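For what it's worth, the working numbering labels the leading residue of the sequence shown as 614, then goes sequentially.
Using N, Cα and C, we set each Cβ at its ideal position, and we do this for glycine too.
Being a predicted model, the structure only gives us computed values, none of them experimental.
Everything on this sheet refers to the single structure shown next.
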Amino acid sequence: MKKQQKSFLIPGKPWTIELPLWLPGFAGNFTYGDVTLEGEDGVDPEQPIEPPPGWEFGKIFSRLFTKNWYLKFFYLTKISYEKNGFLVQLDGIAGAVGNSVKFNYNDKQVVQANFRSVNLRLFGGYRIVNATARNEKFRYELYGYIGLRAYFQKIYSDLDGLANKLDINPVWVEPLIGIQNQFTWKRWFLVLQGDYGGLFNQSKSSVQVSGYVYYRTGRITSVKAGWNHIILNHYGRIKNEDYKVKATFSGPSIGITFHF
614 MKKQQKSFLI PGKPWTIELP LWLPGFAGNF TYGDVTLEGE DGVDPEQPIE PPPGWEFGKI
674 FSRLFTKNWY LKFFYLTKIS YEKNGFLVQL DGIAGAVGNS VKFNYNDKQV VQANFRSVNL
734 RLFGGYRIVN ATARNEKFRY ELYGYIGLRA YFQKIYSDLD GLANKLDINP VWVEPLIGIQ
794 NQFTWKRWFL VLQGDYGGLF NQSKSSVQVS GYVYYRTGRI TSVKAGWNHI ILNHYGRIKN
854 EDYKVKATFS GPSIGITFHF
């Protein structure tokens with residue numbers, strides 16, 4: 614019993630449920646017909662919009678020290694089942710970009726807009742690498758997985774005093790493929806995960822990269838801290854008008870995990 618409690622892995626508990634909070638920053642633009650909105654946290658709308666943070670680690674890491682870039686809390690919930698080399702996971706992200714961001718409207722006017730998003734991800738995978746040290750205190754696992762990601766969004770802005778000038782609800786689903794690295798050492802657990810959605814579809818694509826460190830605090834609980842980064846692009850038509858959504862969310866996340 615004592616040996617099990619000193620390890621993050623406890624046999625017979627394949628289910629995990631996470632209740633974390635995510636504090637992402639936001640940068641992006643939305644286009645619907647002849648209306649274009651563009652904005653970023655912490656940026657004066659009278660100044661040119663800065664590009665969203667790219668792949669360079671320094672740009673992403675610098676957001677830790679730019680407090681104005683963070684928004685309200687987003688909710689990021691995860692349920693997973695892992696046993697006999699198989700992994701199934703369902704997770705969801707929900708939140709809104711609103712009062713903390715002012716958008717440029719067609720480069721001429723500063724307006725308030727509201728962007729709400731619910732993202733669901735379901736995937737299944739199989740362990741393709743399983744390496745354990747001789748003393749069994751260290752373990753490395755690599756999973757490959759495939760799945761689906763669904764977006765339910767609402768974009769609204771009151772332009773020129775006319776309500777519903779911009780009021781659309783884009784919804785789409787895309788396939789995804791990804792990998793998940795897992796490192797276990799005593800009570801510590803590190804997860805590095807990345808996936809690509811859309812599978813080379815030019816009208817819809819997304820990238821999600823995350824890294825989390827867990828620490829086992831008891832037989833059924835652990836705490837986690839890490840970073841989650843999402844880039845999404847989508848083009849489509851609503852009511853015979855073209856629309857485009859391009860957005861980046863990036864920021865730290867903390868939470869508690871229950872093991873069953």
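For residue i, the three-state DSSP class (helix, strand or coil)
i: residue 806; result: strand
i: residue 629; result: strand
i: residue 754; result: strand
i: residue 735; result: strand
i: residue 727; result: strand
i: residue 788; result: strand
i: residue 636; result: coil
i: residue 771; result: strand
i: residue 646; result: coil
i: residue 746; result: coil
i: residue 797; result: strand
i: residue 717; result: strand
i: residue 887; result: Residue 887 lies beyond the range of the chain shown here (614 to 873); nothing can be said about it.
i: residue 678; result: Only weak support is given to the placement of residue 678: the predicted model assigns it a pLDDT of 47, under 50, and the value that follows is read from those uncertain coordinates. Residue state, collapsed to three classes: helix.
Given residue i as reference, the closest of the options once Cα atoms are compared
i: residue 795; options: 836, 740, 748 and 732; result: 740
i: residue 844; options: 626, 871 and 637; result: 637
i: residue 763; options: 793, 802, 847 and 825; result: 847
i: residue 694; options: 822, 639 and 631; result: 631
i: residue 831; options: 751, 633 and 869; result: 869
i: residue 701; options: 728, 746 and 793; result: 793
i: residue 809; options: 816, 820, 753 and 815; result: 820
i: residue 724; options: 750, 653 and 692; result: 653
i: residue 800; options: 751, 851 and 690; result: 751
i: residue 756; options: 816, 806, 812 and 865; result: 806
i: residue 866; options: 825, 853, 857 and 746; result: 825
CB contact flag (residue i, residue j, <8 angstroms)
i: residue 736; j: residue 708; result: no
i: residue 791; j: residue 758; result: yes
i: residue 770; j: residue 761; result: no
i: residue 873; j: residue 833; result: yes
i: residue 823; j: residue 840; result: yes
Limits of the beta strand (DSSP E) - the one that residue i falls within
i: residue 816; result: That residue, residue 816, is in no beta strand (DSSP E); it is neither H nor E in DSSP.
i: residue 871; result: 854 to 872
i: residue 704; result: 699 to 710
i: residue 837; result: 834 to 851
i: residue 690; result: 687 to 696
Cβ-based neighbour list, residue i, same chain, cut-off 6 angstroms, excluding 5 preceding and 5 following
i: residue 733; result: 705 and 763
i: residue 731; result: 707 and 765
i: residue 860; result: 641 and 845
i: residue 767; result: 729 and 782
i: residue 857; result: 644 and 848
i: residue 804; result: 795 and 825
Same chain, Cβ closer than 7 angstroms to residue i, five either side skipped, listed in chain order
i: residue 698; result: 739 and 740
i: residue 627; result: 694, 695 and 696
i: residue 633; result: 689, 837, 866, 867 and 868
i: residue 691; result: 631, 702 and 704
Same chain only: Cβ atoms within 8 angstroms of residue i, ignoring 5 sequence neighbours per side
i: residue 855; result: 644, 645, 646, 848 and 849
i: residue 718; result: 648, 649, 650, 724, 770 and 772
i: residue 814; result: 787
The ligand ZN heavy atom lying under 7 angstroms from the CB of residue i
i: residue 771; result: As far as ligands go, the structure on display features none, and thus does not contain the ligand ZN.
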